[in-house]
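Undergrad:
Numbering (the working numbering), first residue to last: 250 to 507.
Pasting the structure below:
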């Protein structure tokens with residue numbers, strides 16, 4: 250497994266006022282994409298957004314019982330989708346917000362599909378294109394989203410979750426599927442994505458980046474106790490956290506960030 254990229258978390262600007270003390274007791278809103286909805290963690294989803302009772306937001310609200318809970322995360326959601334379809338749940342009484350976003354904005358699902366279906370060269374080309382998009386256009390996209398979240402929930406603590414590396418490269422030689430070269434590139438792309446997200450989060454007072462990569466170490470694809478689905482059925486569950494990944498990876502990282 251490659252080492253996780255270390256990201257400097259020093260704030261470069263103060264774009265919003267810090268949340269008030271009410272953040273600890275207000276309502277909780279879970280925003281984001283399939284990693285927050287819980288895709289891959291169950292065979293029985295709650296709705297068309299593929300929300301799961303095994304997802305970390307649902308587990309957290311069950312354990313903590315916030316004053317209110319709004320589960321907005323939806324499979325396939327990009328930042329514009331979150332802007333148009335999820336932010337209406339925020340308000341001055343929102344004390345806590347969780348978020349995953351960025352993977353779909355750079356074409357995560359297309360990259361993984363092409364890596365599975367086509368040649369190594371196609372896979373590597375798709376990964377390179379996604380990384381270029383992550384470093385060039387994603388920062389501005391995230392800035393807009395974070396500003397709007399802060400504007401709509403001025404008193405909230407906002408925890409932005411990262412994405413895990415998919416593969417334990419130390420076990421790759423005995424693991425069927427993609428080539429080690431493709432796996433290495435995919436892990437590197439996850440590191441790039443997390444680096445970009447963390448750098449943008451660091452600009453905002455009251456925002457925290459929760460790095461999940463360390464929690465998934467030893468529990469990636471190619472490990473005997475993997476918390477990430479490999480290619481599976483339904484196909485949309487592939488390359489998403491299992492129930493264990495949600496509980497022991499994402500929920501653990503989320504609670505540690507708080």
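All residues carry an ideal CB built from backbone N, CA and C; glycine is no exception.
Taking the alpha-carbon positions, what's the residue 384 to residue 446 distance?
TA: The residue given as residue 384 occupies position 135 in the chain shown. The residue given as residue 446 occupies position 197 in the chain shown. Rounded to whole angstroms, residue 384 to residue 446 spans 10 angstroms at the Cα level.
Undergrad: Do the stretch 288-296 and the stretch 480-494 make contact, defined as three or more Cβ pairs closer than 8 angstroms?
TA: With a cut-off of 8 angstroms, the stretch 480-494 and the stretch 288-296 count as touching, because enough Cβ pairs lie within range.
Undergrad: Beta-carbon within less than 6 angstroms of residue 395's beta-carbon, same chain only, minus the 5 sequence neighbours each way: which residues are those?
TA: One-based indexing of the chain shown puts residue 395 at position 146. Within the same chain, residue 395 has close Cβ partners 453.
Undergrad: DSSP three-state label for residue 367, please.
TA: Stepping through the chain shown from its first residue, residue 367 is reached at position 118. DSSP places residue 367 in coil when its eight states are reduced to three.
Undergrad: Hey, could you find the ends of the beta strand (DSSP E) residue 276 is sitting in?
TA: Translated into positions along the chain shown, residue 276 becomes position 27. Residues 276-279.
Undergrad: Does the stretch 292-312 touch the stretch 494-505, meaning 3 or more C-beta pairs lie closer than 8 angstroms?
TA: Cβ pair count under 8 angstroms is three or more, so yes.
Undergrad: Can you tell me the Cα-Cα spacing of residue 272 and residue 430, whole angstroms?
TA: As a first step, residue 272 is located in the chain shown; it is residue number 23 there, counting from the start. As a first step, residue 430 is located in the chain shown; it is residue number 181 there, counting from the start. Only weak support exists for where residue 272 lies, its pLDDT of 37 falling under 50; the coordinates are left without a value.
Undergrad: In terms of DSSP beta bridges, what is residue 318 paired with?
TA: Looking up residue 318 in the chain shown gives position 69. Note: residue 318 sits in a beta bridge opposite 277.
Undergrad: Leaving aside the five residues before and after residue 500 along the sequence, list all residues of the same chain whose C-beta is less than 8 angstroms from its C-beta, in chain order.
TA: The sequence position of residue 500 within the chain shown is 251, counting from 1. So the list reads 305, 308, 309, once near-sequence residues are dropped.
Undergrad: Among the candidates 351, 426, 379, 366, whose CA atom is the shortest distance from the CA of residue 391?
TA: Within the chain shown, residue 391 is the residue found at index 142, counting from 1. Closest by alpha carbon: 351.
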